[in-house]
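Numbering (the numbering used here), first residue to last: 212 to 683.
Here you go:
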């Protein structure tokens, strides 16, 4: 029988995050029994913090993320398509930083995780105050309402506010944390959420060769639908399936970066930096790249090893996409603090013109020797498809002419028509369909809503089938 030993399952080290002070209002201290100091947090403080956090992560990125994007432009091994995507994402970040258009059309599900110290006092329902902040952010800003309420098992209705949010609050009983209320805010879009995987494996893959073979197959299956370059997280082990998945999500947000680098008999989780390096090198060699072929499928990789039941080996994989939306926050006796994101992404844009980049990278802006292939969408569909067939899948296209913009729900509506014996609308036969779900149109005049670079599908729809002709 072993001696009693206890260690936190995820012992995160010191928090080196740079924070900015939002306000000192709504926060006060009171003296309690035994001379203990209690932190009193008003509901308005939680609401304000949540609204501000969702505003920021919808428009700003972390400085480290932008640095990684900019480094792609300086890498001679990066493909032309890698550099094209990196430059467009930097431009997109610069536009979003104006605070009008969000960085991605899918403005996500609001996810809030909080850890409340044992001497933090609030007068009521914290989840409600946080949810009000979510409501205020999504109704005031140009963000999309994506949440579908199940009215019956089969019928759904958009809630019209992006509520409900996923709010998970935990008691933090660690010494030194008594007077702090810490948070992680995330906006998780459907693309990256749909690429969260759980695999129930066995000890047979717990060796370097088998693990790398397993991971290569699963990483390839992620593909580009969630908009790389990714922050990739892999969790091996877990006391339960759901804990493995949740750990992978937090790791993809770099929330677990300060985990120990080695394990212990206590069973604590740790980061395997050696395997992270090997998997990162693998992602650079598989050729998928930043959406259209190349080296930069991932910005980085996090691998977390967890304890497990001897009869189980869960392996969880999660990604944070090119809209890398998360921020830490904390409420302390000193005030309300939010992670400092990058307010000036323009400084990461290259100090060259698009014409110069064309000459150096085979045509980023569409005028160089390797520029995008021009496609005239006013031509008949057979001619368009014949032209597309001349080019490999990774070819960039410059489209001119009419496009049909559709949400994914269009598939269900088309099927309803066909099942009812109706014909496919002629416009869906004559024009390609661009699948996108734009965010709200700003009140000020804008030519379009937010729809940034993404591997959207070009689809030709016929009465009996739909065929993906190219990726762009």
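For glycine and all other residues, C-beta sits at the position ideal for the given N, C-alpha and C.
Please state whether DSSP places residue 433 in a helix, a strand or coil.
-> Reduced to three states, the DSSP call for residue 433 is helix.
Does DSSP put residue 320 in a helix, in a strand, or in coil?
-> Correct three-state label for residue 320: strand.
Nearest residue (CA-CA) to residue 617, options 630, 642, 402, 608 | Nearest to residue 617 by C-alpha distance, out of 630, 642, 402, 608, is 642.
Around the C-beta of residue 308, are 16 or more other C-beta atoms found within 10 angstroms, so that it is buried, or is it exposed?
-> Residue 308 should be labelled buried.
To the nearest angstrom, how far is it from the Cα of residue 437 to the Cα of residue 403?
-> If you take the alpha carbons of residue 437 and residue 403, they lie about 5 Å apart.
Considering only the beta carbon of each residue, do residue 277 and residue 454 sit closer than 8 Å?
-> The criterion of a C-beta distance shorter than 8 Å is not satisfied by residue 277 and residue 454.
Just mark residue 579 as buried or exposed, buried being the case when its beta carbon has 16 or more other beta carbons within 10 Å.
-> Note that residue 579 scores a pLDDT of 49, beneath 50, so its modelled location is shaky and nothing firm can be said.
Three or more beta-carbon pairs under 8 Å between the stretch 250-264 and the stretch 457-474, yes or no?
-> Counting C-beta pairs with one atom in each stretch, the stretch 250-264 and the stretch 457-474 have fewer than three that are closer than 8 Å, which means they do not touch.
For residue 269, name the three-state secondary structure that DSSP assigns.
-> In the structure shown, residue 269 sits in a helix (DSSP, three-state: H, G or I).
Pick from 214, 623, 459, 556: whose alpha carbon is nearest that of residue 310?
-> Residue 310 has its Cα closest to that of 556, out of 214, 623, 459, 556.
Which listed residue (233, 552, 621, 481) has its alpha carbon closest to that of residue 449 = Closest by alpha carbon: 481.
Straight-line CA distance for residue 534 to residue 542?
-> If you draw a straight line from the Cα of residue 534 to the Cα of residue 542, it comes to about 26 Å.
Just curious, the alpha helix (DSSP H) that residue 606 is in, first and last residue?
-> Counting along the chain, residue 606 falls outside any alpha helix (DSSP H), and DSSP gives it neither H nor E.
From residue 423 to residue 518, what distance separates their C-alpha atoms?
-> When only Cα atoms are considered, residue 423 and residue 518 end up about 20 Å apart.
With 8 Å set as the bound, which would you pick, yes or no: does the beta-carbon of residue 442 sit closer than that to a beta-carbon of chain B?
-> You won't find chain B in this structure, because it holds only one protein chain.
Identify every run of the beta strand (DSSP E) within the stretch 241-307, keeping only runs that are complete inside it and at least 3 residues long; order them along the chain.
-> Within the stretch 241-307, the runs of beta strand (DSSP E) that reach at least 3 residues and sit entirely inside it are, in chain order, 248-252.
Helix, strand or coil: how does DSSP classify residue 466 here?
-> DSSP places residue 466 in coil when its eight states are reduced to three.
If you draw a straight line from the alpha carbon of residue 520 to that of residue 415, how long is it in whole angstroms?
-> When rounded, the distance between both Cα atoms is 14 Å.
What number of angstroms, rounded off, separates the C-alpha of residue 368 from the C-alpha of residue 375?
-> Distance from the CA of residue 368 to the CA of residue 375, rounded to the nearest whole angstrom, comes to 13 Å.
Going by CA-CA distance only, name the one from 526, 294, 314 that's closest to residue 271.
-> Proximity to residue 271 across 526, 294, 314 peaks at 314, based on C-alpha coordinates.
Every unbroken alpha helix (DSSP H) inside the stretch 451-515 [4 residues or more] = 452-463, 484-496, all fully within the stretch 451-515.
At what residues does the alpha helix (DSSP H) containing residue 225 begin and finish?
-> Counting along the chain, residue 225 falls outside any alpha helix (DSSP H), and DSSP gives it neither H nor E.
Look at residue 459 and residue 265 and say whether their C-beta atoms are less than 8 Å apart.
-> No. Outside cutoff.
In its own chain, which residues sit with a C-beta less than 6 Å from the C-beta of residue 216, not counting the 5 before and 5 after it?
-> Scanning its chain for C-beta atoms nearer than 6 Å, with the 5 sequence neighbours on each side dropped, one finds around residue 216 the residues 477, in chain order.
For residue 441, which of 512, 281, 479 has the nearest alpha-carbon?
-> Nearest C-alpha to residue 441: 512.
Residue 371 versus residue 356: straight-line alpha-carbon distance, rounded = In this structure, the CA atom of residue 371 is about 6 Å from the CA atom of residue 356.
Give the secondary structure of residue 538 by DSSP, where H, G and I count as helix, E and B as strand, and everything else as coil.
-> Strand.
Consult DSSP for residue 638 and reduce its assignment to one of helix, strand or coil.
-> Assigned with DSSP and collapsed to three states, residue 638 falls in helix.
How should residue 528 be labelled, buried or exposed, when 16 other C-beta atoms within 10 angstroms of its C-beta is the threshold for buried?
-> Around the Cβ of residue 528, a 10 Å sphere holds 16 or more other Cβ atoms; the residue is buried.
For residue 549, the residue or residues it bridges with in DSSP = Per the DSSP secondary-structure output, residue 549 pairs in a beta bridge with 231, 540.
In terms of DSSP beta bridges, what is residue 399 paired with?
-> Bridge pairing for residue 399: 320 [DSSP].
Along the beta strand (DSSP E) that carries residue 361, what are the first and last residues, could you check?
-> Taken as a continuous stretch (DSSP letters only), the beta strand (DSSP E) holding residue 361 covers 359-361.
Would you say the stretch 500-514 touches the stretch 275-293, given that touching needs at least three Cβ pairs under 8 Å?
-> As far as the Cβ criterion goes, the stretch 500-514 touches the stretch 275-293, which means the pair count is three or higher.
Would you give the residue range spanned by the beta strand (DSSP E) that residue 587 belongs to?
-> Here the beta strand (DSSP E) through residue 587 covers 584-587.
Closest by CA to residue 623, which one among 612, 635, 613, 390?
-> Of all alpha-carbon atoms in 612, 635, 613, 390, the one lying nearest the alpha-carbon of residue 623 is that of 635.
Mind reading off the beta-carbon distance from residue 615 to residue 639? Whole number of angstroms is fine, and I expect it under 8 Å.
-> The C-beta distance from residue 615 to residue 639 rounds to 6 Å, short enough to fall under 8 Å.
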